[in-house]
Each structure stands twice: as C-alpha cells, then as structure tokens.
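Here's the structure, in structure tokens; my notes come after.
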Amino acid sequence: MVTPKWTKRSLLGIQHLTGDEISYLLDISGEYRKAKTNGNFPSGCLEGKTIVNLFLEPSTRTRVAFELAAKGLQADVITIAEKSSSLTKGESLRDTARNIQALGADGIILRHSSPGAAQFLDNIVDVPVINAGDGAHEHPSQALLDLFTLREKLGSLKGKKVTILGDILFSRVARSNIWGLLKMGAKVTLAGPSTLVPKKMEELGLTVTYNLKKAVSNTDAIMLLRIQHERQTQTHFPSLTEYSKMFGLREGDSQPDSRTIILHPGPINRGVEIDSTLADSPQSVILDQVTNGVSVRMAILDACCSSTY
Amino acid sequence: MVTPKWTKRSLLGIQHLTGDEISYLLDISGEYRKAKTNGNFPSGCLEGKTIVNLFLEPSTRTRVAFELAAKGLQADVITIAEKSSSLTKGESLRDTARNIQALGADGIILRHSSPGAAQFLDNIVDVPVINAGDGAHEHPSQALLDLFTLREKLGSLKGKKVTILGDILFSRVARSNIWGLLKMGAKVTLAGPSTLVPKKMEELGLTVTYNLKKAVSNTDAIMLLRIQHERQTQTHFPSLTEYSKMFGLREGDSQPDSRTIILHPGPINRGVEIDSTLADSPQSVILDQVTNGVSVRMAILDACCSSTY
Amino acid sequence: MVTPKWTKRSLLGIQHLTGDEISYLLDISGEYRKAKTNGNFPSGCLEGKTIVNLFLEPSTRTRVAFELAAKGLQADVITIAEKSSSLTKGESLRDTARNIQALGADGIILRHSSPGAAQFLDNIVDVPVINAGDGAHEHPSQALLDLFTLREKLGSLKGKKVTILGDILFSRVARSNIWGLLKMGAKVTLAGPSTLVPKKMEELGLTVTYNLKKAVSNTDAIMLLRIQHERQTQTHFPSLTEYSKMFGLREGDSQPDSRTIILHPGPINRGVEIDSTLADSPQSVILDQVTNGVSVRMAILDACCSSTY
C-alpha cells in the first residue's frame, strides 16, 4: 500500500474519523470476512500480545465478539468484567488503567457507563484504547459493523437512504451511525417519538420525522434501535405496548418495501421494535450483522494494536 | 476405519444412541485417556475452531471439564455462564442460539434448567449441540464417563449388576445411565425411598427395591446419586439425617462387598449419601470418574465437532 | 547449573525459604523481566500444562497477574473464582482440591481467606500449590515482587533500611515481606498505630516505632500497606481521616527524603495511606511493582510447575 490510511493508535468514536479511514477499516473487515468464509486461518498479527477486555458495564454480546476477534488474531485475552472488582474497588478509572498498562496490556477494550470514558483512558495510557461503548456517547465498532453490512448489501453508501428508527436520544449506536453514514455520503432520516429524537438534528443535514409510515417508505435501509430502559432516567413514552403500536415495525400498514433491508443491533425485543415475521424475513440482515461484527472487530484490533504506534 | 460408527452431529442424550455408538465413544475416550497417562499431547482436531460453553444453569465441575477437554483439542473456548446476561436478557433461547451461531461458534455445549432444551437448540442451529444437562431429562456426558469407568474397572458391562441408589426421580444422571446401562447389556437395579423412585420402571427391564441391604449386596457396582434439593419442588423425605439413616452407604450394616465398586457424580455430601471412610476407600472410583470425564468429553467433542457434518 | 537452588514443589510462604532460594527466584524473575523489555517471547515451559487459578476470596489484581504469567509460559489457565461454585458447594476444600487434581491440573494457585489453607492443600494434592494469599498469613508472590523491585532500584538488600508502614497486624503482605527482608539482610522498621503493630516484634531483630516522622526519615525505602477493612473484626483506629492525619504519607512534615523510594501493593487509597502527589512522584515505584509482578509470577510458576517434581 503506497498511502496507508490508518495512523491512529486508538478507536474512540466515529465522529473524528474521515471517510477514508472508515473505508480503510471496512476494507480490512472485508478481507477478514472473506477469510472466515473460505475457512482460512486469520493472520496471527496479535500473537504474543495481550488484549484486556475491561467491561465496567454489563455486556455479553460485544464482549464475546471482541474476545473472539482478539483470539482469532492469536492474542491472549484477559477479561475484567466485574462491576466492582478489587482492581477497581476504591480505585479511580485512572489508577485502574495505569495498572492494566503496567501489567503489560498491549491494548484495552473499554466499555463504561460514562460518556467520554474511552477518551479519558486514552489520555492516560500509551497503548491503544478501543471504545466498546461509553454511556450514550459512541459505540464505534457497532457503527462500523452496521456500515459494513449496509455496504455489503447495498453497495456504495453514497446517496443511499437510511432511516434510523427508535430511541435515538439515548443511543450511542445511533450517534455513531449518524456520523458514519454522513461521512460515507448516505442520506439519513431519524424517526421515533418526538421525546426520543434529539432536537436541531436537521442542522447536521438530517431529515427528522415522527411519522412511522413516512419513515419506512422509500428507503434503502431501516436501522432499528433497542429501547434503552437502562439509560432513561424518566419515562419518555407511555409503555412498551404503546411504543410498539406507534413505532414498531409490523407487517401491514408499517411494512417497508420488500427491497428495504432491516438492521437491529440486538438483542431484539420481539413484538416491540419489530414483529417476529419481519425479524426473520429475508429483508432482515440482523444475523449478518452479528457475523460481520467479529470480522469488523478483527479489523479494528489489527489496525490499532498490531502496528507499532 | 472401514465402518465409521458415529454419524451424528449432536449429542443430546443416551436414549437414542445404539450400543455400537456408545462403544465407539468409549473406545475413543480410552485413546484420549491413554494419551494423557503417557503424557502425549492430544490431537489438535479442533484447532481453529470455537466452542461456546453456554451454561444457563449454575455449574463449575462440568463446565471446567468441558473447557479442559476443548482446550486440550486446541479449540478456542468462550464461556457464557451468566444466568441473565445481556445476550440472553429479554431474548429467547432461540435468538440466543442463532446469535451464538452467527458469531461463528463451531459447537455449542448447553446446560439448561429445562428438559428438552438441548433438542430445541439442535433444531435451531446448524452446528453440533452437546447436552451438558437439561433439567431432569438427560446428562449424557456424565453417563458416558460413568460407563467408561465401569468398563475400565469391570470389563465388558454385559451381564454386570449395577445398582443406582438415591434420588432417581429428579436425576438426569440416573435417567441417562439407565439408558446406557441397558444398551450395554447390564442388569440394573434402582433403589431409594419409594417417593424418589419413578413408578413402572420394571417395564423397562429394571429391578426396583426400597431396601438398602438388598440393594447393595451381590452387585458389581453401586452408582450413588446426589440429593438434588434444587430440582425438588416439595419434600420427598423427612430430612437429610433421615435419608442418611435409611439410604446412606455406611460401614457395617449397609456396607457393600469389598469387590463392589462405588461411583458418585459429585459433589459428595459426606455423611449423607455415603460416609467418609467408604468414599475414600479403595472401592471408591469417584476420583477416577472425574479424571475420565475429561477424556470422555474430548471424545464427544472429537466425534461431534471435528468432523464435517 | 551445577548446584540447583530450587527443589521445592510448592511456594507456600517466605518464612521457610532460604536467602539462596529467594535470590534464585529473583534472578529468574530478572530474566523474564528482561525478555519482556526486549520484546522476546518468553519460554514455553508450561506448554501442554494446565494451571488452575482457585480464587476462593475476591481478587482481580493478583488473579490477572498470575493468569498473564501462566499464559505467557504457554499454559492453559482455568480460573475458578466463584465464591460458592457448585464445585465447592457442600464440599470441603479437601474434596475440591482432590477433584481439581483429578481433572488434570498441573498446578494450583490458591487464594483463600483462611491462614494455612495453602499448606493444607499442599498436604492433599501431589501437584504444586502456589499460595496467592491465605488470610492474614502469607502472600509470598507479593513479597517476592516487592523484593525484586527493591533490589532493582537499590541494588543488594544487605544493610538497606526498609520501613513497613501501616496496618501490619492484619497484613499478609507485611508478614511475608518481614521474612523476606530479614533473610536478604535488610534492616526493617515497622511503623503504624500501636493498635496495628503486632507486639514483641523486636525479638525478631526489627525496630518498631509509632512515630511517623521517625519512620520515614533516613530510610532507603518505605513499603506502605493498604488499610485492610475486611480483615479487621473491630475498629483499631478512629477513622480513615484520623489514620491519614497520623500515618498518611504527605508532602511537607511527613515527606520522606527524595532518595527514599515508596512502594504500595495496591490498590491505593489516595489521600489515606499516601497523597496523590507523592503516589505519582518519581520516588514512587508502585507501577514498577505491578509490571514486575508478572515476571516474578512467571519465575514462580517456572520454578514450581515446569520441573518434574
């Protein structure tokens, strides 16, 4: 490669990436995806390296995907998933991070309930930090796997119409995807209850609608979001039943065109955000997202942790 | 091998295996057992494969044995042991299973509190499913290690007398062993409090007795069962002391012949199912069972997960 | 090597080691430390071996360091960290240990809340036992990493002045370090509230003081100890604030000479045992201790588990 497209040590979010950097990560992801399909062993680019999975907020799905990705690259993986471990008890995140670096970590994957935690960590340690979700701020690996899946199914994202539907206000997935989609040239519509869509989003070049039918018609892809009970400090809609009735994707009235693909970061609340028939229909690429997620995280770890930085 | 004896993708129970299939698994187990004794490295038949330990019911013993077996065959092992992980929270077992397959699992080892859970999973995914205990239904790997240990100590099981003693009604270990012993040609006696022995078992060709002395005399092996508090919804006997007095194996009156071997799936309740002197006597093969359990699980994983199916 | 200096199977404490044995472990630690610095792969002396991390008392820091050390030597590592696992439920430590050995463990690292637990385990099993902390008794791997760090910074320990400051009465770290420092020829001063310093320690050749200024002046190194709330059954000092005021290391009055190095086993209670400025000053070698801890544990595992014993 004449002009390397990735020079960052850490992946903290999508907001500060360029379109070229995103494309670079998606290209590498594609190579790992193809190797997996062909049954080829992936590269051992992290052999002899130690990756620490520091999950200070509950998670299984993302943690396992990162663990699989790191092990696939031959790294040793240490998972610290306790909410209040003796490593962190009475200890600031700063001290925890410095200790993990002192133990010899070659990279830290962090999930934390506070927005900005990954950036904070990156200022403290000298090793790569991968943001695996920081509060309602960013979740870049999820956005990259979403972009990868969209590109795989739709081709170039330039000019493609993508609707993000649901609890946008509290969603780091939405936030990261909005940055990513705009940078890749997609046309983004945000839809959901007015209480769950942030204000003034049109200024970013986005379309906003509170009308489900309008949101799901004439679009290339619909990205559903999970209702995030845990990040809501007050009730923003009457009930799950009410939400489902107003904004759930269902066969019939609110059914998207058959050419429109449907994404969801999981786990699905069947019958709330989407009914089962649609979730399991050929339009749904939800399980493709899961499969792609491992390849995308291999690409992230490869880009950030395998190089000398 | 001219006629391969194993063509199944999954191991869901003992009930639907043939005697030949059981013998095949025990033979492979023997090869792994011998390799371990001789300090030989086991085969790397799962190298590059990912085995997921999905333990949705608490367990350490079986989980660790399967983890050791899979790692011994060079697999990457991911353990999902949380009772309510974000993978499973608000998600059906069906969605969890499909997600684990989408993540790239090459085999799933499942422990679940519901009878039939392993069969259910096997209908959903395309990869091998190993039943590591499903409610009070089956626990095939435990039965296979019991059969292996019996065969190791007694030779061919044909015509051998085996007494299963204890809480049979709630025991998946008993259920799997009954099928296995009958298929291997052993003569099986069930013994325990009348409240804990299922009715109409004689129809299967079994002998039933509620008399401890009769149960333990003139038999080649006694398989003790653990009192399963957690699977009893009502009290089936007055107290542990009472149980121990009536059905505990003790030196003296209820002592088996010195030639009779004693098995127990562990963990032992010393002084309840068996007194300490007998548990630690040369008749006891309880620790042999533990050691054999790793080899038997290597054989199971080898048979189900290393082949192209 | 003409005269091998290590013939023990297990590492249960520092009390029964000779100065030569300690030096031997520190020398091996130094080789692993150097290999890490130079980016060399460590030896695969535990390849094909299984090390069980049996942590029956909460810990992350020590557990992770041992896990990294064992994986660095190519061992398979099984961690059993649950406080009440089904392995241990209703089971004595004796039965748990025998089961772990039967599963095929080639070494057991034990943390336990009872003093003497490691020795007890060592009497039961035939494989090496590494004491990772047993109640208020010993914590030999911590003492060895402290001695390693002291030697790295000060050269030979013979005649060096070392002050141990804090909650000595309840500290296994202090207990192991006192033995180690004396065997290496250091001059040891114990300091802390009179309620937290054991009586009659002068008989061992130690100096005791209850005066902070005296304790921290004219010494080569100060080893701080963590206030061990969990091992105190009654209150031995009025409050953390009071402790900090009387015995906390602070800039100004109680500031040690700039040549004096400061150690702490972590995690630090900033503002209690030490203020932040000093903890982060060039005098502090706290993060060196963490880094050295992995190399020292590699040396321990190498010495005990890689040999035929």
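Residue numbers (our numbering), protein chains in the order written: chain A, -16 to 292; chain B, -16 to 292; chain C, -16 to 292.
Ideal Cβ placement from N, Cα and C applies to all residues, glycine included.
Same chain only: Cβ atoms within 7 Å of residue i, ignoring 5 sequence neighbours per side
| i | result |
| --- | --- |
| A58/B | L29, K32, T33, I34 |
| A262/B | I251, R253, I269 |
| P98/A | D117, G118, A119, H120 |
| Y15/C | P25, S278, M281, A282 |
| A53/B | L29, I34, V60, L284 |
| S222/A | none |
| F49/C | N36, I92, A115, R280 |
Sequence-distant residues of the same chain with beta carbon closer than 6 Å to residue i, five excluded per side
| i | result |
| --- | --- |
| L0/B | none |
| Y292/B | For Y292/B, the predicted model reports a pLDDT of 48, less than 50, meaning its position is unreliable and no value from the coordinates is stated. |
| L293/A | Here chain A covers residues -16 to 292 and nothing more, so residue 293/A does not appear. |
| T(-10)/C | none |
| V313/A | Outside the displayed span of chain A (-16 to 292) sits residue 313/A, for which this structure offers no information. |
| P123/C | L(-6), G(-4), I(-3), N114, S159 |
| I147/B | A157, L173, M206 |
| S42/B | R94 |
| R233/C | D258 |
Whole-angstrom C-beta distance between residue j and residue i, which should lie under 8 Å
| i | j | result |
| --- | --- | --- |
| V47/B | L86/C | 6 Å |
| M229/B | P176/B | 7 Å |
| D271/C | T132/C | 5 Å |
| V273/C | N82/A | 5 Å |
| K296/A | D3/A | Nothing in the structure corresponds to residue 296/A, since chain A is present only between -16 and 292. |
Partners in chain B for residue i, counting only beta-carbon separations shorter than 8 Å
| i | result |
| --- | --- |
| N82/C | R44, G249, P250, L270, V273 |
8 Å Cβ cutoff met for residue i and residue j
| i | j | result |
| --- | --- | --- |
| L93/B | L37/B | yes |
| A126/A | V156/A | yes |
| G22/B | C288/B | no |
| L173/C | L207/C | no |
| D150/C | L179/C | yes |
| L187/B | M167/B | no |
| L8/A | A286/A | yes |
| G249/C | R44/C | yes |
| H95/C | L39/C | yes |
| I5/A | L130/A | yes |
| A64/B | V108/B | no |
| Q84/C | V112/C | no |
| L104/C | N275/C | no |
Beta-carbon neighbours of residue i, restricted to chain C and to distances below 8 Å
| i | result |
| --- | --- |
| K19/B | G87 |
Amino acids of chain A, ordered along the chain, whose beta-carbon sits closer than 8 Å to that of residue i
| i | result |
| --- | --- |
| I63/B | T43, V47 |
Where residue i meets chain B, residues with beta-carbon distance less than 7 Å
| i | result |
| --- | --- |
| D78/C | P250, I251 |
Spatial neighbours of residue i in its chain, beta-carbon cut-off 8 Å, leaving aside the 5 residues before and after
| i | result |
| --- | --- |
| L137/A | K143, D203, A204, I244 |
| S237/C | L195, K196, V199, G231 |
| Y193/B | A174, G175, P176, S177, V180 |
| V255/B | I210, L223, Y226, S227, G231 |
Amino acids of chain A, ordered along the chain, whose beta-carbon sits closer than 7 Å to that of residue i
| i | result |
| --- | --- |
| D59/B | K54 |
Chain B contact residues for residue i, given Cβ-Cβ distances below 9 Å
| i | result |
| --- | --- |
| E74/C | G249, P250, I251, N252, R253 |
Against chain A, which members of the stretch 31 to 54 of chain C pass a CB distance test of less than 8 Å? P41, S42, T43, R44, V47, A48, E50, L51, K54
Closer than 7 Å, Cβ to Cβ, to anything on chain B: give me those residues from the stretch 275 to 291 of chain A, in chain order. V277
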